[in-house]
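For the sequence shown, the residue numbers in my numbering are 23 to 324.
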Amino acid sequence: MKQGTTIITLDNGYHLWTNTQGKGDIQLLCLHGGPGGNHEYWENFGEELADLGVQVSMYDQLGSWYSDQPDYSDPEIAKKYLTYDYFLDEVEEVRQKLGLDNFYLIGQSWGGALTMMYALKYGQHLKGAIISSMVDNIEEYVVNVNKCREEALPADAVAYMKQKEAEGNWNDSQYQKYVDVLNAGYVDRKQPTSIRHLINTTATPVYNAFQGDNEFVITGKLKEWDIRDQIHNIKVPTLLTFGEHETMPLASARRMARDIPNSRLVTTPNGGHHHMIDNAPVYFDHLKQFIRDVEDGSFNQK
């Protein structure tokens, strides 16, 4: 496979930025979160996994910073491309164009949702799945982020946020200050340049369509997302990896570990939603052990 950056042309005519690092027989494809984020927090994965002989590929999904950005203000474009089915089938088309098969798929947050859906629809192509900081439904997520707000902020601050949300006044400066406090506690416990750049370059039309204004309020399409009744059909070896201080409910992660037949749950101490950055050594220890165990045939949790 070609190393470095390649711009691929999708069958729909749009172009996606892709990058492949490392050499070896083990293939890993990385799906970023957001929706509307970008690949940048995957950039060190090739170096971190080099000793295992892992070839790491990543890409920016349609609409994201390095790839084509359709005019989502056009209702027909939004209707066609701002859907679960589009982004799921985009993963499969990228797989084909990069020549991947019998590969590992890792997804962070929204990318974790895509990983679950891909394992259900296209699981025959997977050797293993890594679901990073994503649960199988949003109902339990909403309960948890509300709990996070109540733990991190005084009651009057929570009431203020709810008032501004009811008004739809997302740009209120005090409201955004409270969001920053929550992000520092539960999303990015470290604030490196890469994360600040990720926030500044988020594809707002994509993020708003699925999520809403921020990680602590869900007003978009994801509000109804729920595949709890399907995840028992994920058959490939699966790693569930979460931060200790998560926006995602760890109780849901433990249930998922029971429901997915061949799965392992690990938690990164002192990690938030982006625990691959908050505590990289532990995160990569867990990831590398999973890959080793699948490769040598010893991964069999149930």
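Even for Gly, the Cβ is constructed at its ideal location relative to N, Cα and C.
| said: Going by beta-carbon coordinates alone, are L148 and S89 separated by less than 8 Å? | reply: Going by C-beta atoms, L148 is not nearer than 8 Å to S89.
| Endpoints, beta strand (DSSP E) assigned at S285 | S285 to T290
| request: Would you kindly report the start and end of the unbroken beta strand (DSSP E) that includes T31? | output: G26 to T31
| field | Presumed contact (8 Å Cβ cut-off) between L262 and R286, rounded CB distance | value | 7 Å
| field | Where V239 falls, given that 16 or more other Cβ within 10 Å makes a residue buried | value | Buried is the call here.
| message | Taking the alpha helix (DSSP H) that F264 belongs to, which residues open and close that run? | response | Secondary structure note for F264: it is in no alpha helix (DSSP H), and the uninterrupted beta strand (DSSP E) holding it is T260 to G265.
| Nearest-angstrom Cα separation, counted from Q198 out to R250 | Each residue's alpha carbon lies about 32 Å from the other.
| query | For the putative contact between E114 and Y94, defined by C-beta atoms under 8 Å, what is the C-beta separation to the nearest angstrom? | reply | Rounded, the Cβ-Cβ distance is 22 Å, inconsistent with contact.
| request: Rank N60, G133, G35 and D307 by C-alpha distance to the C-alpha of P92 and give the top, closest one. | output: G35
| request: Identify, in the order they occur along the chain, each residue of the same chain with its Cβ nearer than 7 Å to the Cβ of V4, setting aside the five sequence neighbours on each side. | output: Since the displayed the chain opens at 23 and closes at 324, residue 4 lies outside it and no answer follows.
| Cβ pair V76, I253 closer than 8 Å | no
| Would Y163 pass as a contact of M270 if the rule is Cβ separation under 8 Å? | yes
| request: Would you mind sorting N159 into buried or exposed? The rule is 16 or more other CB atoms within 10 Å of its CB. | output: Within 10 angstroms of the beta-carbon of N159 lie 16 or more other beta-carbons, which makes it buried.
| request: Out of G58, D111 and F321, state which residue places its alpha-carbon closest to the alpha-carbon of D33. | output: D111
| task | From the DSSP output, in three-state form, read off F321 for me. | result | coil
| said: Does the structure place the stretch 125-137 close enough to the stretch 46-61 that three or more beta carbon pairs sit under 8 Å? | reply: yes
| query | A141 lies in the alpha helix (DSSP H); which residues open and close that run? | reply | Where A141 is concerned, the enclosing alpha helix (DSSP H) stretches over W132 to Y144.
| message | Suppose the cutoff is 7 Å on Cβ atoms and the five residues either side in sequence are ignored; what does the same chain contact list for V304 look like? | response | So the list reads T290 and P291, once near-sequence residues are dropped.
| said: Check for me: the beta strand (DSSP E) holding Q83 runs from which residue to which? | reply: Looking at the DSSP string, Q83 is not in any beta strand (DSSP E), and its letter there is neither H nor E.
| request: Classify S86 as buried or exposed, calling it buried when 16 or more other Cβ atoms lie within 10 Å of its own Cβ. | output: buried
| Among M298, L309 and A275, which one has its Cα closest to the Cα of M156? | A275
| request: Sort out for me which residues DSSP pairs I48 with in a bridge. | output: V76
| Name the DSSP beta bridge partners of N41, please? | T27 and M80
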